[in-house]
Amino acid sequence: MDSSNISFTALYTGHVWFEHGMSARFFTSPRSSIMYNAMKPFEYFSKKVVGVNLRDLLLQRHLIMDHRIRQLIENEGVTQIIEIACGLSPRGYTFSKEYPNLRYVEADLPGMASRKKSLLEEEGGLADNHEVVTCNFFESGAPSGLDYVLQEVLDTSRPTIIITEGLINYFDLDTISGVWSQMQSLSSVFPNAWYLTDLMPRLKHSAAYKYVRIGEKLIGKIARADVNLHYSGNQEIFDGFQACGFSETTVHQPEDYYDTLPIPQSRSESVVRVVEAKV
Ligand SMILES: C[S@@+](CC[C@H](N)C(=O)[O-])C[C@H]1O[C@@H](n2cnc3c(N)ncnc32)[C@H](O)[C@@H]1O
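Structure (structure tokens):
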């Protein structure tokens, strides 16, 4: 399956992180800046009228994931992270500096992986504990297959977190569930492993739902890909991940963190979830 067309949306997300003090300027570009400014009226309208917008969703998911990653490093002894479909995520850059004993592997399709590597190299941003590799989770074998990257590139003796962000809703549930089941079974080689991802459920009861559908179509057009909303709520998400073989699943909702993390608050029910699934 060729899913390279969705790399484009990573530019916008990367710019949002930068504008909110979560990333470095060298991850932005004139194109990302144009996208960011062009989206401002939509973001404003959406927040004003619907109570949620794409920008808040991007910040909510990223901050909750960062928070859980720190907790897993500090309390559960995680010493290795792989961020699949890393795009322009600043995490490899920031976490590898913040935790010198952590090994951080960023992975993406060849085009994005080489772009990321060049950006980091130009800034002297690749430390000994930080690397960028190619990965296509629909492939198997060297050099980019999911099996090869998880079991040969990674150190299988280390407690590990596997991350995907901003990716899942571009695939239908059958397709992505197949990837999750494979990821779960391949990750049983680690002493402990967690999979952390965000996803947007199909919250038909939510006041924001009809606007989410409009946003879904808009993003689908920009990314030239279908956007799929999976599961109708937290219980279905839990059941879905358990059915893929994960032993413990926790669904984090932005509202749970309004009092403890500096995350933007939605006026209506938030539309993104962070799923933490233990292998
Ligand atoms: C929408 S972007 C998300 C990037 C980043 N994680 C973020 O939150 O902005 C999707 C990323 O997935 C990568 N990607 C698409 N299909 C993939 C696949 N089959 N295997 C690995 N990465 C893939 C793209 O190259 C792109 O960088």
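Numbering (our numbering) for the sequence shown: 1172 to 1450. Glycine included, each C-beta is placed from N, C-alpha and C at the ideal position.
Cβ separation of residue i and residue j, assumed to be a contact under 8 Å, to the nearest whole Å
i	j	result
I1339	I1347	6 Å
Q1231	S1403	Not quite, the Cβ-Cβ distance comes to about 20 Å (not below 8 Å), so this is no contact.
F1179	I1393	7 Å
V1450	Q1353	12 Å between Cβ atoms; not a contact.
K1287	E1302	About 11 Å separates the two Cβ atoms, so there is no contact after all.
L1344	R1373	10 Å between Cβ atoms; not a contact.
L1182	M1206	6 Å
M1236	V1443	Incorrect: roughly 11 Å between the Cβ atoms, too far for contact.
Local Cβ density within 10 Å of residue i, reported as buried at 16 or more and exposed below that
i	result
E1447	buried
N1432	In the sequence as displayed, the identity of residue 1432 is Leu instead of Asn. Under this definition L1432 is an exposed residue.
Y1428	buried
P1119	Residue 1119 is absent from the structure shown; the chain starts at 1172 and stops at 1450.
S1194	buried
D1430	exposed
F1412	buried
Q1208	Looking at the sequence provided, one finds Asn at residue 1208 rather than Gln. Exposed: under 16 other Cβ atoms inside 10 Å.
G1282	exposed
I1385	exposed
F1308	buried
T1311	The displayed chain sequence assigns Ser, not Thr, to residue 1311. Answer is exposed; the Cβ neighbour count stays below 16.
A1284	buried
R1239	buried
S1377	buried
Of the residues the options, the one placed nearest residue i, counting alpha carbons only
i	options	result
Y1382	S1439, L1280 and V1304	S1439
E1294	S1315, F1308 and Y1264	Y1264
E1254	L1290, N1405, K1268 and V1304	V1304
Q1424	M1354, C1415 and Q1406	Q1406
T1327	L1297, F1361, S1311 and Y1341	F1361
Y1275	Y1183, V1398, G1185 and G1296	G1296
P1271	Q1322, M1283, L1370 and N1300	N1300
F1266	Q1242, S1289, L1389 and S1285	Q1242
L1370	H1376, Y1341, G1282 and A1396	Y1341
S1418	A1396, H1233, E1387 and S1358	S1358
T1421	I1408, A1414 and C1415	I1408
K1268	P1314, A1298, K1219 and D1279	A1298
K1218	V1443, S1437, S1311 and E1310	S1437
V1350	H1238, Q1322 and L1317	L1317
D1227	T1184, L1273, S1203 and A1396	T1184
A1379	F1216, C1306 and H1186	F1216
L1229	L1280, I1244, I1252 and H1191	H1191
D1279	C1306, L1291, L1273 and L1290	C1306
Residue i Cβ short of 7 Å to ligand 3 heavy atom set
i	result
M1283	As far as ligands go, the structure on display features ligand 1 and does not contain ligand 3.
### Task
Pick out the complete beta strand (DSSP E) segments inside the segment 1218 to 1245, 3 residues or longer, and give them in chain order.
none
### Cβ contact check for the segment 1245 to 1260 and the segment 1185 to 1205: 3 or more pairs under 8 Å
yes
### Query
How about the segment 1237 to 1250 and the segment 1215 to 1225: do they share at least three Cβ pairs that are nearer than 8 Å?
In short, these stretches do not touch, since the Cβ pair count stays below three.
### Residue ranges of each alpha helix (DSSP H) within the segment 1334 to 1401, 4 or longer
1344 to 1357 and 1380 to 1394
### Message
Using a Cβ distance threshold of 8 Å, determine whether the segment 1358 to 1369 contacts the segment 1323 to 1337, with at least three qualifying pairs required.
### Response
yes
### Task
For the segment 1274 to 1342, list the alpha helix (DSSP H) runs that are entirely contained and at least 4 residues long, ordered along the chain.
1281 to 1293
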